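Chains as they are written, first to last, in the numbering used here: chain A, 79 to 388; chain X, -12 to 210. Just so it is clear, CB atoms sit at the ideal spot from N, CA and C, and this is done for glycine as well. Bear in mind the structure is a predicted one, so any value in this text is a computation, not a measurement. Here's the structure, in structure tokens; my notes come after.
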Amino acid sequence: MRALDLELRAGERAAVVGPNGSGKSTLVRLVAGLLRPTGGTLRVLGEDPSRAGVAFRRRTAVALDRPAHWEVLGARENALLLASARGLVREDARRRIDDLLSRFGLTAAADVPVGELSLGMRRRLHLVEALTADVELLVLDEPTLGLDPEGVLALAGELGRRAERGTAVLLATNDVGAVPRLAGRVVFLAAGRVLADDAPAALLARLGGRTRLEVTLAATGRSAAELVRDPPPAPGVVLRESEGRLVAESDGGTEPLPDLLRALLDRGATVQGVGVREPDLGDVFLELAGRPLGSPVPERPSGATGGASP
Amino acid sequence: MSAARAEWMIALRRRRLLALSEAPPAHAAAAYTALFVLFGVFGSAIPLVRDGQAGILTRWKLAGLAPGRLLSERLAAQSTLDVLESLPAALLVLALGSGSHPGALRLAVSLAFGLLVANAVGAWAAAAARSLAESALFASVGSLLLLHAAGVFRTPAPGSLAALVESLSPFRVLHETFLQAAGGATAASSGWGPALAVGAGLVGLTVLASGALVESLARSREG
């Protein structure tokens, strides 16, 4: 990570978004105190997390990307054990856990040994465990991984309630589709650097509301790369190649589509398919980084600088 | 099959099926002590490495369980479970032993102390290891060296340095109990005080160093 400057306030929900290898999980581990920065300063709730004690741990809750459970114990038992480590009173913990198990659709699985649960159910249990205590900072790494849409909605609702009560939420994900539901702030990270840090709506506005017209060309026609080099086929349309497809961005919605298709056919292209899509955060990242969000970042020597403090 | 038949017939005629019951007392006591100590060391080391690799120890840490509390709770619980699991077998050794009867209570206390120390040794072996195989290796080598220091494999000459080391070795307590049960003569010694103190010190040191030990164990997951 390089030159990362990130400050998170109470009640704020920030999503760190970036491709694989961009430094999201490193940031989570730094904030959780599982890694130490090799340079710079890092303060979480005013403390150095790598040296923090029990009091700090009870002010934070962290769910790493890979859930770890006692497989022979039931879902509720797992959550209760971790709650007891946090110092929660058993009856209170049980009430909270049962409520969360219900919200995440796990009531029927409460007494089932975790070893018998599906990956998605284990992921939901992992979130239940992280959400059991009232904390000042909640850190979730890839919280939507393996979650169905219902699970994402449950998580979004719970994060919203926590934020209203003043909990700062930091989540790391590359599930850009879920981000607008989960967070009010998006931090785009690439190769350990912040590319952008803003509200989802503000980031989308950077694309000027341009509609994406996606045209798939047959292999026999002219390549998308060649067509991109030609002058624009229609006014207000910008052509770009993306993963072998021709992508036209239009300021005028779908209006230029007939002219675009006519121009492409005139230029010898064979059109296989046409799609119309409103821009999302993935497109914003593409605009900023010059490559799709899913593409991996080449490995760099690890190091860490920067600060994060709610 | 006649040789096997002969072995079975002799064992049944003597009404002694317990392994090593006819072995010389020193050999029988060495085998029993090594068996119970290795049971305790392995039972501590391997689950710790496994929990480190699975991320369980990291979860405890993130949940705010202090390493000292984590390790001391684990040592206490694992040692108790080890005693409950192994006490029936140890009592059988006592009941069928040909020596003077050291008493069930003394055996239980010796066994509990030996297994507590063995669990502490296992924690160190696990923390030094980077894999399950390495933890088994370190647990074996470490416990066999400590057993040797306790005079399990040889009787040190009185007044020698080895005799001094033996008097301080925590596994001596369990060894001498089994030796008495098997009919062997225990060394005239200054009592168990020093050995008990060293054993308690080792357990205390393990709890004091728990921060570094748990950090090392959890690192196997974090890479």
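Taking C-beta atoms as the reference points, Val108 (chain X) and Leu133 (chain X) count as a pair closer than 8 angstroms. Ile(-3) (chain X) sits exposed, since fewer than 16 C-beta atoms from the chains shown fall within 10 Å of its C-beta. Segment contact: the stretch 152 to 160 of chain X against the stretch 99 to 117 of chain X, three or more CB-CB distances shorter than 8 angstroms; contact assigned.
Among the residues of chain A, those whose CB is under 7 angstroms from the CB of Arg46 (chain X) are Ala146, Leu160, following chain order. For Val140 (chain A), at least one C-beta of chain X is nearer than 8 angstroms to its own C-beta.
Not a single CB atom of chain X sits nearer than 8 angstroms to the CB of Leu339 (chain A). Listed by position along chain A, the residues whose Cβ is nearer than 9 angstroms to that of Ile43 (chain X) are Ala146, His147, Trp148. Val122 (chain A) is outside the set of residues whose beta carbon lies under 8 angstroms from a beta carbon in chain X. Straight-line spacing of the CA atoms in Leu233 (chain A) and Leu209 (chain A) works out to 10 angstroms. When the alpha-carbon of Arg91 (chain A) is set against those of A:Ala261, A:Asp143, A:Leu285, A:Ser103, the nearest one is in A:Ala261. Between Val94 (chain A) and Leu223 (chain A), the CB-CB gap reaches or exceeds 8 angstroms.
Listed along chain A is no residue with a C-beta nearer than 9 angstroms to that of Ala110 (chain X); the closest approach is about 19 angstroms.
Taking 7 angstroms as the Cβ-Cβ cut-off, the stretch 48 to 71 of chain X approaches chain A at Leu49, Ala50, Gly51, Leu52, Ala53, given in chain order. The C-beta of Arg135 (chain A) comes closer than 8 angstroms to at least one C-beta of chain X. 8 angstroms or more divides the Cβ of Val349 (chain A) from the Cβ of Arg323 (chain A). Linking Ala199 (chain X) to Lys48 (chain X) through their CA atoms gives a straight-line distance of about 12 angstroms. Gly351 (chain A) is bridged by DSSP to A:Thr294. Within chain X, the C-beta atoms nearer than 7 angstroms to that of Arg164 (chain A) come from Ala50, Gly51, in chain order.
Distance from the Cα of Thr138 (chain A) is smallest, within the candidate group X:Ala149, X:Gly30, X:Ala50, for X:Ala50. Contact between Leu203 (chain A) and Val190 (chain A) fails: their C-beta atoms lie close to 10 angstroms from each other, not under 8 angstroms. Per DSSP, the continuous beta strand (DSSP E) segment holding Asp219 (chain A) begins and ends at 215 to 219. Within chain X, the residues placing a beta-carbon under 7 angstroms from that of Val132 (chain A) are Gly51, Ala53, ordered along the chain. Between the beta-carbon of Ala188 (chain A) and that of Arg154 (chain A) there is about 4 angstroms, and that keeps the pair under the 8 angstroms contact cut. Residues Ala88, Gly89, Asp212, Val213, Glu214, Leu215, Leu216 of the same chain have their beta carbon placed closer than 8 angstroms to that of Thr245 (chain A), with the five preceding and five following residues left out of the count.
Residue contact check for Ala110 (chain A) against chain X: a CB pair falls below 8 angstroms. In this structure, the CA atom of Leu281 (chain A) is about 7 angstroms from the CA atom of Val362 (chain A).
Bounds of the alpha helix (DSSP H) holding Glu163 (chain X) are 159 to 168.
Residue ranges of uninterrupted alpha helix (DSSP H) with 4 or more members, entirely inside the stretch 64 to 125 of chain X and ordered along the chain, are 91 to 115. In this structure, Gly198 (chain A) places its C-beta atom within 8 angstroms of the C-beta atom of Asp226 (chain A). When DSSP states are grouped into helix, strand and coil, Gly191 (chain X) belongs to the helix group. Beta-carbon to beta-carbon, Ala250 (chain A) and Ser103 (chain A) are separated by about 6 angstroms, close enough to satisfy the 8 angstroms threshold.
With a cut-off of 8 angstroms on Cβ pairs, the stretch 106 to 116 of chain A is not in contact with the stretch 269 to 281 of chain A, counting fewer than three such pairs. Val150 (chain A) sits in coil when the DSSP states are folded into three classes, being neither helix nor strand.
From the listed residues A:Ala241, A:Asn156, A:Ala347, the smallest Cα separation to Ala296 (chain A) is found for A:Ala347. Annotation: Phe134 (chain A) to Ala32 (chain X) spans about 29 angstroms, alpha carbon to alpha carbon. DSSP places Val95 (chain A) within a strand segment (E or B) once states are collapsed to three.
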